[in-house]
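Notes for the one structure printed next.
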Amino acid sequence: MKIIKKSVLLLIIIISISTINAQEEEKSKASFDVGVDFASRYVWRGLEFSDSPAIQPYAEYTSGNFTLGAWASYETGGQVVGQEFDIYAGYSFGAVSLGFTDYSFPVDGISDGYFQMKNHIGEATLSFDGIENFPLSILLGINVYNDDANSVYTEIGYPFTIGATELSAFVGAGNEIYSVDGEFAVTNFGISAAKDIKITDSFSLGVSTSAIFNPDTEDAYLVFLISL
Numbered sequence: 009m010k011i012i013k014k015s016v017l018l019l020i021i022i023i024s025i026s027t028i029n030a031q032e033e034e035k036s037k038a039s040f041d042v043g044v045d046f047a048s049r050y051v052w053r054g055l056e057f058s059d060s061p062a063i064q065p066y067a068e069y070t071s072g073n074f075t076l077g078a079w080a081s082y083e084t085g086g087q088v089v090g091q092e093f094d095i096y097a098g099y100s101f102g103a104v105s106l107g108f109t110d111y112s113f114p115v116d117g118i119s120d121g122y123f124q125m126k127n128h129i130g131e132a133t134l135s136f137d138g139i140e141n142f143p144l145s146i147l148l149g150i151n152v153y154n155d156d157a158n159s160v161y162t163e164i165g166y167p168f169t170i171g172a173t174e175l176s177a178f179v180g181a182g183n184e185i186y187s188v189d190g191e192f193a194v195t196n197f198g199i200s201a202a203k204d205i206k207i208t209d210s211f212s213l214g215v216s217t218s219a220i221f222n223p224d225t226e227d228a229y230l231v232f233l234i235s236l
């Protein structure tokens, strides 16, 4: 629990600094975006959620600092695992954001579907997106329902660029549902690289590759993603 308390304390300090130094930002107009990602494998926080390519559509509404969206992942191999449908919301205070996600795992053709609350898990998050003088991103997530252990996940990321390619190194740790024995452990580290490939003057294709390692399960993945 000490590492959790330290993570919370660090985020509180960062929030305080960000609040003191932040300038009033202009409110943006409301917008709505839809898209889809094609992933060679669905790997989340170092855990494999599909054993075949996945299609991941999303829809997102943004108004000022508020965001509301839906995201899903469907495994093309037709397995019942790897099916997910999430609703999320968030509010940002400069570089700091509060968020909530309802994760659901409905199974097609089986009565225990979306409206069975046992197929849902709720997570509250506190995140810091980094500022110019402190580019580290920090995430703290805690499951708040349908998880008696209230599993915790934390992650730190560091962004940098090489040429036109944006990269990010990351390391994440979690307990309970994230680790093999339930104890707090590093479950996710690696590096991601992303760039836009210009197709026409008005259309670009987003591509990214992530090398992901989970020392707790002794697994490694190289995931390729195309974003439309």
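For the sequence shown, the residue numbers in this note's numbering are 9 to 236. By construction, the Cβ of each residue, glycine as well, lies at the ideal position given by its N, Cα and C atoms.
Contact annotation: residue 85 and residue 60 have beta-carbon atoms nearer than 7 Å. At least 7 Å separates the beta-carbon of residue 200 from that of residue 206. It is roughly 18 Å from the alpha-carbon of residue 109 to the alpha-carbon of residue 71. Of 68, 186 and 51, the smallest CA-CA separation from residue 62 is found for 51. Taking the CA atoms as reference points, residue 174 sits about 31 Å from residue 130. Exposure of residue 188 is indicated by the presence of fewer than 16 other C-beta atoms within 10 angstroms of its C-beta.
DSSP places residue 184 in the helix class (H, G or I) of the three-state scheme.
For residue 127 and residue 79, the gap between their C-alpha atoms comes out near 16 Å. Going by C-alpha positions, residue 234 is about 32 Å away from residue 155. Listed in chain order, the beta strand (DSSP E) elements of length 3 or more contained wholly in the segment 151 to 213 are 160 to 170, 173 to 182 and 193 to 208.
Pairing residue 122 with residue 65, the inter-Cα distance amounts to about 17 Å.
Contact between residue 138 and residue 162 is absent: CB atoms are separated by about 15 Å, not below the 8 Å threshold. The C-beta separation of residue 196 from residue 190 comes to about 16 Å, leaving the pair out of contact by the 8 Å criterion. Residue 136 is positioned such that its CB atom lies no closer than 7 Å to that of residue 160.
The C-alpha of residue 168 is placed about 15 Å away from the C-alpha of residue 146. Judged by DSSP in its simplified three-state form, residue 222 adopts strand. Annotation: residue 226 to residue 76 spans about 35 Å, alpha carbon to alpha carbon.
In the DSSP annotation of this structure, the continuous segment of the beta strand (DSSP E) that includes residue 47 starts and ends at 39 to 47.
The beta carbon of residue 95 sits closer than 6 Å to the beta carbons of 78 and 110 from its chain, once the five residues preceding and following it are set aside; these are given in chain order. Distances from the alpha-carbon of residue 192 to those of 152, 140, 158 and 48 put 158 closest. Residue environment for residue 74: exposed (fewer than 16 other C-beta atoms within 10 angstroms of its C-beta).
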